[in-house]
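Engineer:
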Amino acid sequence: MVTNNGNNGKPRKVIGKPFRKVDARAKCTGQTKFADDIVLPRMLFSKMLRSPVPHALIKHIDISKAASLPGVVAIITGKDLPIPYGILPVSQDEHALCIEKVRFIGDPVAAVAALDEDTAFDAMNLIEVEYERLKPIASIDEALSIAEPRIHEYGDGGNIHKKVSLEFGDMEEGFAEADLVREDTFFYEGNTHLPMEQHAAVAHFDPDGKLTLWSSTQTPHYVHRALAKVLEIPASHIRVIATPNGGGFGGKSDPFNHEVAVAKLAMMTGRPVKITLTREEVFYCHRGRHPVLMWVKTGVTRDGAITAMHFRSFLDGGAYGSYGVASTFYTGALQTVTYDVPRYKFEGVRLFTNKPPCGPKRGHGTPQPRFALEVQIDKIAEELGLDPAQMRKQHLAPANSVTANYLRIGSMGLGPCIDKVVEGSRWREKYRKLPYGRGVGIACSSYLCGAGLPIYWNNMPHSGVQLRLDRQGGVCIMCGSTDIGQGSDSILAYIVAEVLGIDPFDIRVVTADTDLTPVDLGSYSSRVTLMTGNAALQAAERARELLTLAVAEKLSVPIENITFAERRAFDVENPEVGVSFAEAVQLAEAKYGTIGTVGSYSPPRSPGKFKGAGVGPSPAYSYSAAVAEVDVDPHTGIVTVERIWIGHDIGQSINPTLVMGQVEGSVYMGLGEALMEEMAYRANRNVVHKFPSMLEYKSPTTLEMCDVVTYLIEDPDPNGPFGAKEVGQGPLLPVPPAIANAVYDAVGVRIDEVPITPEKVLAALRTSAQGRPARFGPKSVPDVVWPQPLKVQTPAQGGDGREMPREAVHAKD
Amino acid sequence: MPGRKKQKASIQFVLNGEQVEASFAPHKTLLEVLREDLNLTGTKHGCELGECGTCAVIVDGRTLLSCLVLGLDIEGCNVETIEGMADGGELHPLQITFADLGAAQCGYCTPGFLLTAKELLDKSLTPTREEIKEALSGNLCRCTGYIKIYEAVEVAAARMRGEDAEPAKESIYGYE
Chain A
1 MVTNNGNNGK
11 PRKVIGKPFR
21 KVDARAKCTG
31 QTKFADDIVL
41 PRMLFSKMLR
51 SPVPHALIKH
61 IDISKAASLP
71 GVVAIITGKD
81 LPIPYGILPV
91 SQDEHALCIE
101 KVRFIGDPVA
111 AVAALDEDTA
121 FDAMNLIEVE
131 YERLKPIASI
141 DEALSIAEPR
151 IHEYGDGGNI
161 HKKVSLEFGD
171 MEEGFAEADL
181 VREDTFFYEG
191 NTHLPMEQHA
201 AVAHFDPDGK
211 LTLWSSTQTP
221 HYVHRALAKV
231 LEIPASHIRV
241 IATPNGGGFG
251 GKSDPFNHEV
261 AVAKLAMMTG
271 RPVKITLTRE
281 EVFYCHRGRH
291 PVLMWVKTGV
301 TRDGAITAMH
311 FRSFLDGGAY
321 GSYGVASTFY
331 TGALQTVTYD
341 VPRYKFEGVR
351 LFTNKPPCGP
361 KRGHGTPQPR
371 FALEVQIDKI
381 AEELGLDPAQ
391 MRKQHLAPAN
401 SVTANYLRIG
411 SMGLGPCIDK
421 VVEGSRWREK
431 YRKLPYGRGV
441 GIACSSYLCG
451 AGLPIYWNNM
461 PHSGVQLRLD
471 RQGGVCIMCG
481 STDIGQGSDS
491 ILAYIVAEVL
501 GIDPFDIRVV
511 TADTDLTPVD
521 LGSYSSRVTL
531 MTGNAALQAA
541 ERARELLTLA
551 VAEKLSVPIE
561 NITFAERRAF
571 DVENPEVGVS
581 FAEAVQLAEA
591 KYGTIGTVGS
601 YSPPRSPGKF
611 KGAGVGPSPA
621 YSYSAAVAEV
631 DVDPHTGIVT
641 VERIWIGHDI
651 GQSINPTLVM
661 GQVEGSVYMG
671 LGEALMEEMA
681 YRANRNVVHK
691 FPSMLEYKSP
701 TTLEMCDVVT
711 YLIEDPDPNG
721 PFGAKEVGQG
731 PLLPVPPAIA
741 NAVYDAVGVR
751 IDEVPITPEK
761 VLAALRTSAQ
771 GRPARFGPKS
781 VPDVVWPQPL
791 KVQTPAQGGD
801 GREMPREAVH
811 AKD
Chain B
1001 MPGRKKQKAS
1011 IQFVLNGEQV
1021 EASFAPHKTL
1031 LEVLREDLNL
1041 TGTKHGCELG
1051 ECGTCAVIVD
1061 GRTLLSCLVL
1071 GLDIEGCNVE
1081 TIEGMADGGE
1091 LHPLQITFAD
1101 LGAAQCGYCT
1111 PGFLLTAKEL
1121 LDKSLTPTRE
1131 EIKEALSGNL
1141 CRCTGYIKIY
1151 EAVEVAAARM
1161 RGEDAEPAKE
1171 SIYGYE
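Protein sequence lines correspond, in order, to chains A and B. Everything in the first sequence is counted per my numbering, starting at 1 for the first residue and increasing by one. Everything in the second sequence is counted per my numbering, starting at 1001 for the first residue and increasing by one.
1) On the three-state DSSP scale, how would you describe LEU126 of chain A?
2) Could you give the distance in angstroms between the alpha-carbon of ILE75 of chain A and the alpha-carbon of ILE63 of chain A?
3) Can you tell me the Cβ-Cβ gap for GLY247 of chain A and GLY485 of chain A, rounded? I've got them flagged as a contact below 8 Å.
4) Pull up the distance between the alpha-carbon of PRO787 of chain A and that of LYS163 of chain A, whole angstroms please.
5) Bridge partners for GLY441 of chain A per DSSP, in chain order?
6) Should THR701 of chain A and GLY1046 of chain B be called a contact, given that it needs their Cβ atoms to be closer than 9 Å?
7) How about ALA540 of chain A and ILE495 of chain A: are their beta carbons less than 9 Å apart?
8) What span of residues does the beta strand (DSSP E) with ALA56 of chain A cover, start to end?
9) Can you grab the Cα-Cα spacing for the pair ASP506 of chain A / VAL585 of chain A, in whole Å?
10) When you compare the CB of GLU803 of chain A with every CB in chain B, is at least one pair closer than 9 Å?
11) In three-state DSSP terms, what is VAL1020 of chain B?
12) Please list the partners that LEU658 of chain A has in chain B, where partner means a Cβ-to-Cβ separation under 8 Å.
13) Against ASN245 of chain A, what residues of chain B qualify as contacts under a CB-to-CB distance less than 7 Å, listed in chain order?
14) Between MET1001 of chain B and ALA1009 of chain B, what straight-line distance do the alpha-carbon atoms span, to the nearest angstrom?
15) So, with DSSP's three-state summary, where would you put PHE1108 of chain B?
16) Out of curiosity, what's the CA-to-CA distance linking LYS812 of chain A and MET460 of chain A?
17) So what does DSSP say about THR1063 of chain B, is it helix, strand or coil?
18) Whose CA, out of A:PRO342, A:PRO367, A:ILE241, A:VAL761, lies closest to the CA of THR331 of chain A?
19) Tell me, please, whether the CB atom of GLU1021 of chain B is closer than 9 Å to any CB atom in chain A?
20) Does the distance from the C-beta atom of GLU696 of chain A to that of GLY190 of chain A stay below 9 Å?
21) Under a CB-based cut-off of 9 Å, is HIS193 of chain A close to chain B?
22) Do you know offhand how far SER624 of chain A's Cα is from PRO734 of chain A's?
23) Check for me: the beta strand (DSSP E) holding PHE610 of chain A runs from which residue to which?
24) Find the nearest neighbour of ALA71 of chain A within the set A:VAL262, A:HIS395, A:ALA123, judged by alpha-carbon distance.
25) What are the start and end residues of each continuous alpha helix (DSSP H) run of 4 or more residues lying completely inside the stretch 688 to 712 of chain A, in chain order?
26) Kindly say whether MET1160 of chain B, judged by its beta-carbon, lies nearer than 9 Å to any beta-carbon of chain A.
27) Would you call the stretch 1068 to 1078 of chain B and the stretch 1024 to 1035 of chain B in contact, with 3 or more CB pairs under 8 Å?
28) Taking the C-alpha atoms as reference points, what is the distance between ALA66 of chain A and GLY209 of chain A?
29) Check whether the Cβ of GLU429 of chain A lies closer than 9 Å to any Cβ atom in chain B.
30) If we define contact as Cβ-Cβ less than 9 Å, is ALA1009 of chain B a contact residue for chain A?
31) Please list, in chain order, the chain B residues whose beta carbon lies closer than 7 Å to that of ASP37 of chain A.
32) Do we get a CB-CB distance below 9 Å when we pair PRO272 of chain A with the residues of chain B?
33) In angstroms with no decimal places, state the Cα-to-Cα distance between CYS285 of chain A and THR794 of chain A.
34) Rounded to a whole number of angstroms, what is the C-alpha to C-alpha distance between ILE644 of chain A and ALA389 of chain A?
35) Show which residues of chain A have a CB atom less than 7 Å away from the CB atom of LEU1136 of chain B.
36) Could you check what DSSP says for ILE477 of chain A in three-state terms: helix, strand or coil?
The structure is reproduced here in structure tokens:
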């Protein structure tokens, strides 16, 4: 039984304290081994030949010249890896190397293994591929209007990957109750993770038929499954080790073609094979933020209470499924968890286009609708003559409630977040009161603390921890989680150290190795602290129980008196009566045999039972509120963000320094998305990426980064370990809309899309000077034939979370 | 270019205080020589095009991007990499503050930041926040938002001045 307490009434020694990360010094001395730092004897180097055309049939591949180049050991093409894979069971649409057709510039068609990287590069350029070009599909509009050629032979018709339609409650009634109904359109441009580390992988196949892959991946478990499928060898013969990720942000969450290719080349050659992608290739891997066009219709009463919301999203998915079906649902899921939305309808469509595939980036599918929602609320507040901070706070979704779309909210700290940023920023003195060119804007948000359901259907735990205690007093934690810089290895050590009364640096942490560690599903959906934390807590409490029984017997002290602190187990009433931690382990080992315990975590069941209810539920939701203060130069259109005040509802900090780092890093990434970052393509030139380089893909440097004033709201959530909620993704979400709202406050123009570039600000200022609407953004959304919505009665209507029978739906219509 | 000449060049230089000799294909960059020929993988790469600052090393007292320097050009130079930043077992004050204050998240850009910051502090122990930003403006970090990095540089500078400096409470726990 997880008690979320684990301290026998003693003050906490580790949780909530700013300990150094367990791996920090290795990182500061150059000793951390990232994937590209691995060198094995007789290792070969791989390069992949990528398509220079966006959409074409492969007519012929000639590898003869390349194969005859001295130093080339093996070359593979699509026919060597005929089995498809993909992260989601519903979209197994990728091949490691394209077989019949290529779908974007950068899609790989062949892989070479050679004695050195230069030879592999030369050989790659000697491979001849004959393509028969197909019409490329470059945009949401084109994908909706051009049914042939199809990029994939599956989906919801033409180049539509997925259409969804969900309706909760009586929308007509909701809009009828409204005093004001607003319809607005927004666009959120796609952007990419840009981790500093380029993806790299090393594969080794030993003579006994076992494959090992070291890879810069956030999800070794899913890579493990994909390799077993594609390579047709038992999963038990495959070991995937996720090396420390040099940044992930969601970009290393899919099984990747280069991982499969080096594994195959290692099997063929009997030698280790390494691949390290170039920065340009990292742009082609992508899986980043979907460009999303949005339409939102919201009804409100005079005091700003929402009566109904109808949200439509159009996602430019790129060339493959990736996480796209989940991304689509996520663009419609979390609208309901910040403010009370009694009736809600969502329609979403994801399109295939001939661009690098989109997928999950920090906030996965939710920053885009959050931008739309928070900017629209700013407009509504203005139209109603209300203060947008106060209006938001008045209509918060209640704690411990179930939303119209069946998301169960537990703790809810958004109100205090709003109070903190309003007070800290001196909002009331600034809003609509600053001189022209300066402005403030506010926005709020929420994010998951882990997806409530696994990616493939199963009823096993989402996270497992094994703990081994040895008689020298050593403790080893084994967990499948992957440290991508967020500190997940350290979180395990802190939690176990707290329970066992030892120092985090006494502990050895072994993670992300499918041979040695129990499954954790991966570093995505902000799940790791909550889920591995609960699993670690359970394992540690079980170990403490064994030690307690042995120590109590030895000391002849009642069991409930035994506590653990300062590397000792002792009687709380007579602290001098006790044993060292190592002695406690020895007593337990003598009594029970070798001491090892396990812990695991499965999220609670979601109240939603309808089809599509799998995306959105979470054991807990974090909340954030942000105020941005900006300076807008009306002559250049340049927006400078001076400072952001952000309040984040963390539940309980496991380590405040790491929490602060995640808040500041999220603000940074949100700032980049708001002002400059974009994955842009030349539609009329083969849909080629405009600038696959770090120089031209603009991201904030120290000179663009704003000041950040952070407030942590601690209100422990019963589902979190020690009450902890997430912080890795949520604080990004309010930043882009807060900046957009501040730009409006500064110069009176609405920029209804990101990035908010100087060109867009100037264009809006120009139209404003001409007496036209002071706005830059999409004017309309395409007509789409939406499927009949799946109707679900809301909890307020007495619904049970199941969809209404089709007959009833029709009868009602 | 198939058939490229593979004849190696040989140079001598001082690396982290030790005289070394290296033989490598003459087109190799200093980054490649360090990582591939001298097995010092602490120097990282993010673009290999001089865009990100990740591969910064100190050559004759100045930080240079090792991906833009030919290995051949460092003949006789004095090169400092992350592996040489600690003094024996004693970490450099910047390494301590970066580790303790959360300035290294994923840690991949960290060696480049540490060496760039070291060059700054080698010149002055009283840099302002603006001077720190300016000095580090060529290094990209995607994790931290840079703020913890500024704080780590400031605390290290203060300690190197002999002060008993600790980070501000707000930078660890947030504002009240």
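For each residue, glycine too, the CB sits at the ideal point set by N, CA and C.
Structural biologist: Looking at the atomic coordinates:
1) As a first step, residue 126 of chain A must be located in the first sequence, where it is residue number 126. Shown here, LEU126 of chain A sits in a helix according to DSSP, grouped into three states.
2) The residue given as residue 75 of chain A occupies position 75 in the first sequence. The residue given as residue 63 of chain A occupies position 63 in the first sequence. Near 8 Å, if we compare the C-alpha coordinates of ILE63 of chain A and ILE75 of chain A.
3) For the purposes of this step, residue 247 of chain A is taken as residue 247 along the first sequence, with counting starting at 1. For the purposes of this step, residue 485 of chain A is taken as residue 485 along the first sequence, with counting starting at 1. Yes, they are in contact, since the Cβ atoms of GLY247 of chain A and GLY485 of chain A sit about 6 Å apart, within 8 Å.
4) One-based indexing of the first sequence puts residue 787 of chain A at position 787. One-based indexing of the first sequence puts residue 163 of chain A at position 163. Spanning the two alpha carbons is a distance of roughly 7 Å.
5) Looking up residue 441 of chain A in the first sequence gives position 441. DSSP lists A:ALA628 as partners of GLY441 of chain A.
6) Residue mapping note: residue 701 of chain A aligns to position 701 of the first sequence, counting from 1. Residue mapping note: residue 1046 of chain B aligns to position 46 of the second sequence, counting from 1. Taking 9 Å as the Cβ cut-off, THR701 of chain A and GLY1046 of chain B do not qualify as a contacting pair.
7) One-based indexing of the first sequence puts residue 540 of chain A at position 540. One-based indexing of the first sequence puts residue 495 of chain A at position 495. It is a contact, given that the beta carbons lie within the stated cut-off.
8) In the first sequence, residue 56 of chain A corresponds to position 56, counting from 1. ALA56 of chain A -> beta strand (DSSP E) spans 56 to 62.
9) Position 506 of the first sequence, counting from 1, holds the residue named residue 506 of chain A. Position 585 of the first sequence, counting from 1, holds the residue named residue 585 of chain A. If you take the alpha carbons of ASP506 of chain A and VAL585 of chain A, they lie about 14 Å apart.
10) In the first sequence, counting from the first residue as 1, residue 803 of chain A sits at position 803. Not one chain B Cβ lies under 9 Å of GLU803 of chain A.
11) Position 20 of the second sequence holds residue 1020 of chain B. Secondary structure of VAL1020 of chain B (DSSP, three-state): strand.
12) One-based indexing of the first sequence puts residue 658 of chain A at position 658. Those within 8 Å of LEU658 of chain A in chain B are GLY1102.
13) Position 245 of the first sequence, counted from the start, is the residue given in the question as residue 245 of chain A. Within chain B, the residues near ASN245 of chain A are CYS1106.
14) Residue 1001 of chain B sits at position 1 when you count from the first residue of the second sequence. Residue 1009 of chain B sits at position 9 when you count from the first residue of the second sequence. In this prediction, MET1001 of chain B scores a pLDDT of 46, lower than 50, which makes its location untrustworthy; the coordinate-derived value is nonetheless stated afterwards. Each residue's alpha carbon lies about 19 Å from the other.
15) If you number the second sequence from 1, residue 1108 of chain B lands on position 108. Note that residue 1108 of chain B corresponds to Tyr in the displayed sequence, not to Phe. TYR1108 of chain B: coil per DSSP, three-state reduction.
16) Counted from its first residue, the first sequence places residue 812 of chain A at position 812. Counted from its first residue, the first sequence places residue 460 of chain A at position 460. Confidence at LYS812 of chain A is low in this model, with a pLDDT of 43, below 50, so its placement is unreliable and the value that follows should be read with caution. For LYS812 of chain A and MET460 of chain A, the distance between alpha carbons rounds to 40 Å.
17) Here residue 1063 of chain B refers to the residue found at position 63 when the second sequence is read from its first residue. Residue state, collapsed to three classes: strand.
18) By 1-based counting over the first sequence, the position of residue 331 of chain A is 331. Of the candidates A:PRO342, A:PRO367, A:ILE241, A:VAL761, the one whose C-alpha sits nearest the C-alpha of THR331 of chain A is A:PRO367.
19) In the second sequence, the residue the question calls residue 1021 of chain B occupies position 21. So, not an interface residue.
20) Working through the first sequence from its first residue, we reach residue 696 of chain A at position 696. Working through the first sequence from its first residue, we reach residue 190 of chain A at position 190. Cβ distance not < 9 Å, so GLU696 of chain A and GLY190 of chain A don't count as in contact.
21) Within the first sequence, numbered from 1, the residue matching residue 193 of chain A stands at position 193. Taking Cβ atoms only, chain B reaches closer than 9 Å to HIS193 of chain A, which makes this a yes.
22) Here the question's residue 624 of chain A lines up with position 624 in the first sequence. Here the question's residue 734 of chain A lines up with position 734 in the first sequence. C-alpha separation (whole angstroms): 7 Å.
23) Translated into the one-based positions of the first sequence, residue 610 of chain A becomes position 610. Here PHE610 of chain A belongs to no beta strand (DSSP E), and DSSP marks it neither H nor E.
24) Taking the first residue of the first sequence as position 1, residue 71 of chain A is located at position 71. According to the sequence as given, residue 71 of chain A is Gly; it is not Ala. The shortest C-alpha separation from GLY71 of chain A is found at A:ALA123.
25) none
26) On the second sequence, residue 1160 of chain B is found 160 positions in, with the first residue counted as 1. So no, MET1160 of chain B is outside the interface.
27) As far as the Cβ criterion goes, the stretch 1068 to 1078 of chain B touches the stretch 1024 to 1035 of chain B, which means the pair count is three or higher.
28) Position 66 of the first sequence holds residue 66 of chain A. Position 209 of the first sequence holds residue 209 of chain A. Their Cα atoms are separated by approximately 28 Å.
29) Stepping through the first sequence from its first residue, residue 429 of chain A is reached at position 429. Taking a beta-carbon distance threshold of 9 Å, GLU429 of chain A does not count as an interface residue toward chain B.
30) For the purposes of this step, residue 1009 of chain B is identified with residue 9 of the second sequence, where counting begins at 1. So no, ALA1009 of chain B is outside the interface.
31) Sequence index remark: in the first sequence, residue 37 of chain A carries index 37 (1-based). Correct list: THR1041.
32) Residue numbering aside, residue 272 of chain A sits at position 272 when the first sequence is read from its first letter. Not closer than 9 Å to any Cβ of chain B, the Cβ of PRO272 of chain A fails to qualify, so no.
33) Indexing the first sequence from 1 puts residue 285 of chain A at position 285. Indexing the first sequence from 1 puts residue 794 of chain A at position 794. Taking the straight line from one Cα to the other gives about 40 Å.
34) On the first sequence, position 644 is the one that residue 644 of chain A refers to. On the first sequence, position 389 is the one that residue 389 of chain A refers to. One C-alpha to the other measures close to 15 Å.
35) Position 136 of the second sequence, counting from 1, holds the residue named residue 1136 of chain B. By Cβ distance, chain A contributes THR702.
36) As a first step, residue 477 of chain A is located in the first sequence; it is residue number 477 there, counting from the start. If DSSP states are grouped into helix, strand and coil, ILE477 of chain A belongs with the strands.
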